[in-house]
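Asks: Under full-length UniProt numbering, residue 329 is the last one in the sequence shown; the count climbs by one each step, no gaps. I'd like to ask some things about the structure below.
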Amino acid sequence: MGAENKVTIYSVAERAGVSISTVSLAINSPHRVSETTRARVIAAAGSLGYRAIDGGRRASGGTRIAVAAPFSSYSTYFRRFSGMLVRARDTAVELMAHDLESAASVSAPLLDALPARRGIDGLILMGVPLGSAALRASREAALPLVLIDVRRARPVGDDLPVVLVDDEEGGRAAGAHLRERGHERVIFLGEPQLSDDYVSAGMLRIRGLAEHVEVSLVRSPLHADPTPALLAALEGPTPPTAIVANHDELASRAWRGLAARGLRIPEDVAIVGYDDGPLADGLGLTTIRQPFEESGRVALELLLGAIAGTGGAVRRIDLTPTLVVRSST
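Shown next, in the form of structure tokens:
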């Protein structure tokens, strides 16, 4: 029996100075232990190479990959995941989805627990930045990682392979389109961001948008009605004449709320969404189309190459969004 097979949960508990139940909670229910304890357990697990694999799966020769994202907060992550599922079809690759809290909704979004989950050969992390403790642990355990849509404000160590969609270019395309339509002042409608530990997609979209139009910000919680805040922002002698929403679902709520108050779209205010899909198509919403499925497929290709040891020197892949013009502008 090799040394790696001798590493057990008892070994991790001894190294971390905690009970085996605490180790189990830190790995499988990290929200139930303190941040300090969690970091200690993750560091111990990583230094010992604790990545136990069940015998049946290893015998079958399959590859198990964890995919972590705020799935329940943003449905678009399912579209990235579907790109991976198509790529993994008819292979021995097993994909396991793990739901995370939205990075925008928590004050400490850095993920420090998941990479030590048992029985995985690689991790794809979407939309939530990786914490320093998890990064160290994953490197010590030689756990391959690929990021999608993750930008840390303060990079740690060597760059990890990452797949990004150019959000600044997306904002630039929306701004140029609105300027061509005669709009000079625009509202950017997005969620509050509680932490500055990462660079959000919205921050980059605002930067690109501001190259063409004057931008004012309206923040609305993820599932709240943005109408009151938008109505207040649309008052004054020189009010904004267009709204760019951080995603299509937010744009649809803005459209519904403003229309219920008697505003005409686009005659009184134009609306641009972000993402594109059946919702935008059905509404006639002008939006920025993201290559979600492609980003998932490319990320899985990168990770499988890293697991097989055939990965090349590519550390970053940038995909380009495109403007889709419909009736809302």
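The C-beta atom is built at its ideal place from N, Cα and C for all residues, glycine as well.
Check G190 in the structure and name its three-state DSSP category.
Replies: strand
Asks: According to DSSP, what are the bridge partners of H98?
Replies: A68
Asks: Which same chain residues end up closer than 8 Å to Y10 when comparing Cβ atoms and leaving out the 5 residues on each side of it in sequence?
Replies: Sequence-distant Cβ neighbours of Y10 in its own chain, meaning closer than 8 Å and more than five residues away, are I20.
Asks: Measure the C-alpha to C-alpha separation of G182 and A68 and round it to an integer number of angstroms.
Replies: 42 Å
Asks: Grab me the residues of R315's own chain with a C-beta within less than 8 Å of its C-beta, minus the 5 sequence neighbours each way, in chain order.
Replies: Same-chain partners within the cutoff: D159, L160, P161, V162.
Asks: Within the continuous alpha helix (DSSP H) that includes A242, where are the two ends?
Replies: Not the alpha helix (DSSP H): A242 falls in the beta strand (DSSP E), residues 242 to 245.
Asks: Could you please give the first and the last residue of the uninterrupted beta strand (DSSP E) stretch that includes D318?
Replies: 316 to 319
Asks: Give the DSSP bridge partners of M126, in chain order.
Replies: I148
Asks: For the candidate residues I120, L100, A26, whose alpha-carbon lies nearest to that of L303?
Replies: I120
Asks: Do the region 223 to 237 and the region 129 to 139 meet, that is, are 3 or more Cβ pairs less than 8 Å apart?
Replies: Contact between the region 223 to 237 and the region 129 to 139 is absent: fewer than three C-beta pairs spanning the two stretches fall below 8 Å.
Asks: Since A270 is in the beta strand (DSSP E), which residue starts that stretch and which ends it?
Replies: 270 to 272
Asks: So the beta strand (DSSP E) M181 belongs to, where does it begin and stop?
Replies: It is worth fixing the name first, because residue 181 is Arg in this sequence and not Met. Premise fails: R181 is in no beta strand (DSSP E) and is neither H nor E.
Asks: Just the C-alpha distance for I65 and G122, rounded to the nearest angstrom, thanks.
Replies: 5 Å
Asks: Going by the DSSP bridge assignment, what does S216 pair with across the sheet?
Replies: Answer by DSSP bridge pairing, in chain order: I187.
Asks: With a threshold of 8 Å on Cβ separation, who are the neighbours of S73 within its own chain once the five nearest residues in sequence on each side are excluded?
Replies: E101, S102, S105, L222
Asks: I288 bridges to which residues according to DSSP?
Replies: Beta-bridge pairing links I288 to L323.
Asks: What do you reckon, are the CB atoms on I243 and L263 nearer than 8 Å?
Replies: Result no, Cβ atoms of I243 and L263 do not sit closer than 8 Å.
Asks: Count the CB pairs spanning the region 250 to 264 and the region 291 to 302 that are closer than 8 Å, and state whether there are at least three.
Replies: no
Asks: Can you tell me where the beta strand (DSSP E) holding V12 begins and where it ends?
Replies: No beta strand (DSSP E) contains V12, which is instead part of the alpha helix (DSSP H) from 9 to 16.
Asks: For the alpha helix (DSSP H) containing V165, list its first residue and its last residue.
Replies: Counting along the chain, V165 falls outside any alpha helix (DSSP H), though it belongs to the beta strand (DSSP E) covering 162 to 165.
Asks: For V199 versus R151, is the C-beta spacing smaller than 8 Å?
Replies: yes
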